[in-house]
Amino acid sequence: GAGVSQTPSNKVTEKGKYVELRCDPISGHTALYWYRQSLGQGPEFLIYFQGTGAADDSGLPNDRFFAVRPEGSVSTLKIQRTERGDSAVYLCASSLTRGAGANVLTFGAGSRLTVL
Amino acid sequence: SQQGEEDPQALSIQEGENATMNCSYKTSINNLQWYRQNSGRGLVHLILIRSNEREKHSGRLRVTLDTSKKSSSLLITASRAADTASYFCATDVNDYKLSFGAGTTVTVRA
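Here you go:
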């Protein structure tokens, strides 16, 4: 597509529920990133995919968080047993090659997650 | 953890004035980027400056980089209402991971 598409744009859920957030990157972008942005803060790195594999998942806060990219395009961030502290905007970004430092990230509009 | 820190946290200026914000970081970098985020939207890339560059221009934007002081500045000249947004600097932790600061919120008054 023309840009990075994220769905849903807003998700309200109850504590303890399971949530899936979807990201559709720019066509042809091999690198895909998930970041989390809390209110008043900058984005924090969660996970990086190069193709189908998660090359770095060191930013995932705990084992309730998991992400997949089975065909090297669309990615899904999965959160189990949600907690109120998971409330944030989850941003997806993609880039043409693996080098974020030498390449520009194109971000989606984000998925705002609210856990009641 | 976030490496970059922007200063000031918030800035309010009159349309037509210049806006300057600063970013300080802790460790050596290869590149530094600036992004803009309008309320409720994703981040949009503005400009990238490499560690061997000292100044870069893009339209009404001017970015400087001082690697000896580990700092960068973003200047927006002749500001417009549409420049109202949050501005973030991002440094490369490695060749794929960016570390963002907490951002500077700029309000341009008509």
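If you read the protein sequences in the order shown, they are chains A and B. Read left to right, the first sequence gives residues 1104 to 1219 (my numbering). Read left to right, the second sequence gives residues 664 to 773 (my numbering). Quick reminder that beta carbons are idealized off the backbone N, C-alpha and C, glycines included.
query	result
Between which two residues does the beta strand (DSSP E) containing A:ASP1166 stretch?	Run containing A:ASP1166: none; DSSP gives neither H nor E here.
Under 8 angstroms: do the stretch 723-742 of chain B and the stretch 676-691 of chain B share three or more Cβ pairs, one atom per stretch?	yes
Could you spell out the range, first to last residue, of the beta strand (DSSP E) harbouring A:THR1217?	1214-1218
Give me the Cα-Cα distance between A:THR1155 and A:ARG1172, rounded to the nearest whole angstrom.	5 angstroms
Please go through the same chain and pick out, in chain order, the residues whose beta-carbon is closer than 8 angstroms to the beta-carbon of A:THR1116, but skip the five residues on each side of it.	VAL1122, THR1185, LEU1216, THR1217, VAL1218 and LEU1219
Relative to the alpha-carbon of A:GLN1183, which residue among A:LYS1118, A:SER1197, A:PRO1146 and A:ALA1191 has its alpha-carbon at the smallest distance?	A:LYS1118
When Cβ atoms are compared, which residues of the stretch 1187-1198 of chain A fall closer than 7 angstroms to chain E?	Here chain E cannot be found, since the structure's protein chains are A and B.
I'd like to know whether the C-beta of B:ARG699 is nearer than 8 angstroms to at least one C-beta of chain A.	no
Comparing the C-beta of A:TYR1151 with each C-beta of chain B, is any distance below 8 angstroms?	yes
So which of B:ILE692, B:SER721 and B:LEU706 has the shortest CA-CA distance to B:LEU667?	The sequence given here has Gly at residue 667 of chain B, not Leu. When each option's Cα is compared against that of B:GLY667, the closest is B:ILE692.
Along chain A, which residues have their Cβ under 9 angstroms away from the Cβ of B:GLN704?	This sequence places Arg at residue 704 of chain B; Gln is not what is there. What B:ARG704 touches in chain A: PHE1210, ALA1212 and GLY1213.
Using a Cβ cut-off of 9 angstroms, pull out every chain B residue sitting near A:PRO1164, in sequence order please.	Correct list: empty, because the minimum Cβ distance to chain B is about 13 angstroms.
For chain B, is any of its Cβ atoms less than 8 angstroms away from the one on A:VAL1177?	no
Compute the distance between the beta-carbons of A:TYR1136 and A:LEU1208, then report whether it is under 8 angstroms.	yes
Cβ atoms of B:ASN694 and B:SER791: under 8 angstroms apart, would you say?	Coverage of chain B is limited to positions 664 through 773, which leaves residue 791 of chain B absent and any answer about it impossible.
Going by alpha carbons, who is nearest to B:TRP697 out of B:LEU674, B:ALA745, B:GLY766 and B:GLY703?	B:GLY766
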